[in-house]
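Position one of the sequence shown corresponds to residue 1 (the numbering used here), numbered consecutively onward.
Quick reminder that beta carbons are idealized off the backbone N, C-alpha and C, glycines included.
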Amino acid sequence: MRVFVGTDHAGLEFKEHLKQALTEAGHEPVDCGAFEYDAQDDYPPFCFEVGERTVTEPGSLGVVIGGSGNGEQIAANKVPGVRAALVWNTSTAQLARQHNDANVVSIGARQHSPEEATELVLEFLRTDFSGDERHVRRIGLVSDYERDRHRPSGGLPTRPDHP
1 MRVFVGTDHA GLEFKEHLKQ ALTEAGHEPV DCGAFEYDAQ DDYPPFCFEV
51 GERTVTEPGS LGVVIGGSGN GEQIAANKVP GVRAALVWNT STAQLARQHN
101 DANVVSIGAR QHSPEEATEL VLEFLRTDFS GDERHVRRIG LVSDYERDRH
151 RPSGGLPTRP DHP
């Protein structure tokens, strides 16, 4: 599988470690930067690159890396069609794929050892979307909102004190 990988300075060392692990696991990592250490670089351009390339290449997935992974997830999710999930343990890595059909994983390189972070990314990559109707429906609601910015009708409970 082709895997697009991008980071700012905070994940530069981990990105190199991860690319090797992805290759060893039979994946094709595509480096979307950063390519050199710059403590003042900004993560959004790298995350946008990963997101855009992932969305336009069916069957691929993406990895965005930062110090915490929070900003990277937010930036990647601004790309239409991206469903980026911040993972911090095996369960969140699996559920991101099984329930949300996430196509980009975000990881905080400063939050895990390189070995632990690598395992979380690999778990994300080897987990499939469940395809359950309820998850398909929920993803559709998000996609529809992303496309036309109209909230789905219904679904919000009526507060008893406000008819």
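Residue closest to residue i, alpha-carbon to alpha-carbon, out of the options
i, options, result
"Leu86", "Gly108, Tyr43 and Asp101", "Gly108"
"Gly81", "Gln94, Leu61 and Asp128", "Leu61"
"Gly176", "Ser113, Glu16 and Ala102", "As displayed, the chain neither begins before 1 nor continues past 163, which places residue 176 out of reach and without an answer."
"Asn89", "Gly66, Glu119, Asp41 and Asn70", "Glu119"
"Cys32", "Val63, Asp38 and His99", "Val63"
"Phe48", "Ile65, Ala39, Pro58 and Gly59", "Ile65"
"Tyr43", "Arg137, Gln20 and Gly69", "Gly69"
"Gly71", "Gln94, Gly11, Leu122 and Thr127", "Gly11"
"Ser153", "Leu141, Ala76, Thr54 and Val121", "Leu141"
The alpha helix (DSSP H) enclosing residue i, as first and last residue numbers
i, result
"Ser91", "Thr90 to Gln98"
"Pro44", "Pro44 to Thr56"
"Thr118", "Pro114 to Arg126"
"Gly71", "Asn70 to Ala76"
"Ser143", "Glu133 to Asp148"
Under the three-state DSSP convention, the category residue i falls into
i, result
"Gly108", "strand"
"Val30", "strand"
"Ala10", "helix"
"Ala85", "strand"
"Gln40", "coil"
"Ala21", "helix"
Endpoints, the beta strand (DSSP E) within which residue i is located
i, result
"Arg2", "Arg2 to Thr7"
"Val63", "Leu61 to Gly66"
Whole-Å CB distance - residue i paired with residue j, under 8 angstroms assumed
i, j, result
"His99", "Ser130", "7 angstroms"
"Val3", "Leu125", "7 angstroms"
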